[in-house]
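J.:
Number of protein chains: 2
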Amino acid sequence: MKRFEKSSITIKDIAKKAGVAHSTVSLVMNDREHVSPKLREKILKIANEMGYMPNMVARSLISKKSSTVGVVFPENPHFFTITYFLMIIEGIQNACKKYNRALMFFSLDQTKGESYYQISRKWLIDLMIIMNVDYTRDISKDIQDLRDNGIYFSFLTKYLGKEKVNSVCVDNYEGVRMVLEHLASQGHKRVGYIAGNPNSADGPERTQAYKALYKKMGLDQDEELIVQGDFTFESGEREAPKLLDLKKPPTAIFAASDYMAIGAMRVIKERGLSIPGDIAVMGFDNTLEAAYVEPALTTIRQPLQEMGEKAVDLAIRSMNDESFEPQSLAIKPELIKRQSC
Amino acid sequence: MKRFEKSSITIKDIAKKAGVAHSTVSLVMNDREHVSPKLREKILKIANEMGYMPNMVARSLISKKSSTVGVVFPENPHFFTITYFLMIIEGIQNACKKYNRALMFFSLDQTKGESYYQISRKWLIDLMIIMNVDYTRDISKDIQDLRDNGIYFSFLTKYLGKEKVNSVCVDNYEGVRMVLEHLASQGHKRVGYIAGNPNSADGPERTQAYKALYKKMGLDQDEELIVQGDFTFESGEREAPKLLDLKKPPTAIFAASDYMAIGAMRVIKERGLSIPGDIAVMGFDNTLEAAYVEPALTTIRQPLQEMGEKAVDLAIRSMNDESFEPQSLAIKPELIKRQSC
DNA sequence: AAGAGACCATGAAACGTTTCGAAAAGTCCA
DNA sequence: TGGACTTTTCGAAACGTTTCATGGTCTCTT
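Protein chains in written order, with this note's numbering: chain A, 187 to 527; chain B, 187 to 527.
(1) Apart from the five residues on each side of it in sequence, which residues of its chain come closer than 8 Å, Cβ to Cβ, to A:MET236?
(2) Leaving out the 5 sequence neighbours to the left and right, which residues in its chain are closer than 7 Å to B:LEU521 when beta-carbon positions are compared?
(3) Give me, in chain order, the residues of the same chain whose beta-carbon lies closer than 7 Å to that of B:GLN513; leave out the 5 immediate sequence neighbours on both sides.
(4) Rounded to the nearest angstrom, what separates A:MET403 and B:CYS355 at their Cα positions?
(5) Whole alpha helix (DSSP H) runs in the stretch 425-488 of chain B with 4 or more residues, listed along the chain?
(6) Find the residues of chain A that neighbour B:ALA281, judging by a C-beta separation of less than 7 Å, and give them in chain order.
(7) To which residues of the same chain is B:LYS284 closer than 7 Å at the C-beta, ignoring the five residues directly before and after it?
(8) What did DSSP end up calling B:VAL258 once you bin it into helix, strand or coil?
(9) If you compare alpha carbons, which of A:THR418, A:MET290, A:LEU515 is closest to A:SER306?
(10) Since B:GLN304 meets chain A, which of its residues come closer than 7 Å, beta carbon to beta carbon?
(11) Taking only beta-carbon positions, decide if B:MET493 is within less than 8 Å of chain A.
(12) Could you spell out the range, first to last residue, of the alpha helix (DSSP H) harbouring B:GLY494?
(13) I'd like the list of long-range same chain contacts for A:ARG189, defined as Cβ closer than 7 Å, with 5 residues on each side in sequence excluded.
(14) Write down every uninterrupted run of the alpha helix (DSSP H) in the stretch 228-313 of chain A whose length is 4 residues or greater and which is fully enclosed by it, in chain order.
(15) Anything in chain A within Cβ reach of B:ALA207, meaning under 9 Å, just list it in chain order.
(16) Distance cutoff 8 Å, beta carbons only. Does A:MET187 sit that close to anything in chain B?
(17) Skipping 5 residues on each side, what residues in its chain have a beta carbon closer than 6 Å to that of A:ILE232?
(18) Select from the stretch 335-361 of chain A all residues with a C-beta closer than 7 Å to any C-beta belonging to chain B, and list them in chain order.
(19) Given this structure, state the Cα-to-Cα distance separating A:LEU247 from B:VAL243, to the nearest angstrom.
(20) Would A:LYS308 be called buried (16 or more neighbouring beta carbons within 10 Å of its own) or exposed?
(21) So is B:PHE470 in contact with chain A if we call contact Cβ pairs under 8 Å?
(22) Would you say B:TYR445 and B:THR418 are within 8 Å of each other, going by their C-beta atoms?
(23) When you compare each of A:ILE315, A:GLN488, A:ILE461, A:GLU456 to A:VAL255 by their alpha carbons, which one comes out closest?
(24) Could you compute how far the alpha carbon of A:ARG524 sits from the alpha carbon of A:LYS250?
(25) For B:GLU191, count neighbouring C-beta atoms within 10 Å of its own C-beta (all shown protein chains included) and say buried if the count is 16 or more, exposed if not.
(26) What do you reckon, are the CB atoms on B:ALA381 and B:VAL413 nearer than 8 Å?
(27) If we count Cβ pairs, one from each stretch, closer than 8 Å, do we get three or more for the stretch 298-305 of chain A versus the stretch 324-331 of chain A?
(28) Grab the span of the beta strand (DSSP E) containing A:GLY378 for me, first residue to last.
(29) Just checking my contact of B:SER293 with B:PHE271 at CB under 8 Å: how many whole Å lie between their CB atoms?
(30) Shorter than 8 Å from the beta carbon of B:LEU310 to some beta carbon of chain A?
(31) Cα separation between B:PRO427 and A:MET505?
(32) If you count every other CB in all the chains shown that lies within 10 Å of the CB of A:ASN234, and 16 or more means buried, which is it?
(33) Please identify the residue among A:GLU495, A:ALA516, A:SER509 whose C-alpha is closest to the C-alpha of A:ILE274.
(34) By the three-class DSSP mapping on this structure, what secondary structure does A:LEU515 have?
(35) Using the rule of at least 16 other Cβ atoms within 10 Å of the residue's Cβ for burial, across every protein chain shown, is A:GLN488 buried or exposed?
(36) Mapping DSSP to helix, strand and coil, what is A:SER222?
This is the structure we're talking about:
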């Protein structure tokens, strides 16, 4: 089998057949003015007959743009199983369709010295979604490089640097408020809190919101009621007993992630306590599993899909409008009432 | 802010600095022979200092290859929430890293006349993973086009056409065998079966396996015991009552997907029956939710990640070895014993 | 009927690579 | 020392587009 025997139809083939210059065909294909309607018609017809399909790569080379949205996430072989990310990606995928762009994925290995800018240059990515950041490294140089080279981007996480950049994240304060209000409205006074990963952007923010709000809600203020998890199921299983074993145990547990909440639930059930009878549980995230555990978990839904879509929208707006100020969007979450409280 | 002020380092910049022809630099960058070690060293050093990064787009244009794996799936806005696909994609992502390729995603809208080959041409994709096929259309011309143009591909689903192609799917027969054997070993004689979507590749295959096997396993043969679902949670909820309402109801239900099994479980529990005490339930797929329902679902794990990786491996082998015969891999699944039976 | 505009179409250059035939530079041996 | 190799380096062409200055062809006005 010979390869590339049948080479594909180019703009020149069409030009030859139509008896015009290939630059004219280019104008037609890009829907630009200054081509007579008659000629345009003719060229389009021929292109259609011949089954022309533009070569995006050649187009990218000259325009220095790739018609692509590049999603960059940190090196982590298990990235894709984390449902949290997946739903965001669905949103990005939708946006790509809307803007007629292809979607590319890159994992960034910062330990090998790879930078966001290098990736953009290597693949001529002109629109980048940055999904998560290792804040232990200085990222501001990268940001500057992207900016200097006309690459538009959004962060899909809280951006902790000083620069003003497009970013989309959930409104953690509002989410925590909803949780505590809901619990308070059901008469809970003592609410145990399992905090999330302190090295993330969301973990500390939720904890801060919790501390800022519980007095306002009239809940018990007691440092004992706060334990430190890291968003994982295991940390929920590990930390929940500390709350249950208190002299004065809480009547409700709020975990900063669903996975931790589910871990806590397992422990509670193993001890023969009933949920929500003996103790209520609330999570945060509305991951897929939350609906399937028993009892189904009451939690806060982050509109992840919407967030993914918004992130692309912001970057596109920056691209189309030079005067558009980078925005930091905090998306309002939603309370999902189920059976766990 | 001016754009592209700082244009990036090219092979020519390096050539100028090193005082050589840019073609020589190209040879060095591609690790080709016929360059003296001394010069090679010097060029590499300069390239490194200047922070050279190859322009993959220019490279693609000339080589007609994109160093990319293109994953193509059918137009379906909710593609990405289906965990089944996601785990496969994780495998593909791993393989991409292994072969140092970027990952691109495309949704194919066959109603608009888009073909697999067109996508490959448009983006110079030379390695394609085809995730699912609309078998109501004739795909053999597409296959031929891909072949004729040296584009290597694997199907990540059972391929139903006549051609010999690379394909990776789960061994459904073996999976069903494991289920029935497990149920039989626990003394079940009457096993209800909720069939999957009849228009898919997997649905009929599992049903066929069920029918071929239940006599061998000494189970009751009774057409009443087979009901028709479509893989969704809702169809499980809808069909399970038909089995429970039989004059002689089954002692176990086997659903051809976890989602249907979970739907069935909900109905069973609503009727106040205990699982597995009154009735055992088994699923198929080992989706994420299976571990979290109560009781946790005994099911068949498809090694999805492995399948994704294998699909890329096969395509790469075809690419590297012209004489490699396309293979059709049926991956052995695994029984995951949990509490539902 | 000629000059001024407006509109169309063209051809060449460019994008950053790879490839390949040919030139240049080494090496070896007689 | 010169011819015959071999190895190294070079230069030009090519990949399929877009862009843009230039020139040609209309149509209108005076």
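Think of the CB as a built atom: it goes at the ideal place given N, C-alpha and C, for glycine as much as any other residue. These numbers come from a predicted model, not from an experiment.
T.: According to the data block:
(1) ILE195, ASP199, ILE200, LYS203
(2) MET364, HIS368, ILE486
(3) ASN352, LEU500
(4) 54 Å
(5) 444-456
(6) What B:ALA281 touches in chain A: nothing, since even the nearest Cβ is about 11 Å away.
(7) none
(8) strand
(9) A:MET290
(10) MET239
(11) no
(12) 490-506
(13) Bear in mind that a pLDDT of 36 at A:ARG189, under 50, signals an unreliable position, so the number given afterwards is only what the model happens to contain. Answer for A:ARG189: no residue qualifies.
(14) 242-249, 269-285, 302-309
(15) Within chain A, no residue comes near B:ALA207; the closest Cβ sits about 21 Å away, beyond 9 Å.
(16) The pLDDT assigned to A:MET187 is 33, lower than 50, so where the model puts this residue is not dependable; a value taken from the coordinates is nonetheless given after this. So yes, A:MET187 belongs to the interface.
(17) ILE200, LYS203, ALA204
(18) ASN335, GLY336
(19) 6 Å
(20) buried
(21) no
(22) yes
(23) A:ILE315
(24) 50 Å
(25) Here the model assigns B:GLU191 a pLDDT of 39, short of 50, so the residue's position is not dependable and the matter cannot be decided.
(26) yes
(27) yes
(28) 377-381
(29) With 8 Å as the limit, B:SER293 and B:PHE271 do not qualify as a contact, their Cβ atoms being about 12 Å apart.
(30) yes
(31) 55 Å
(32) exposed
(33) A:GLU495
(34) strand
(35) buried
(36) coil
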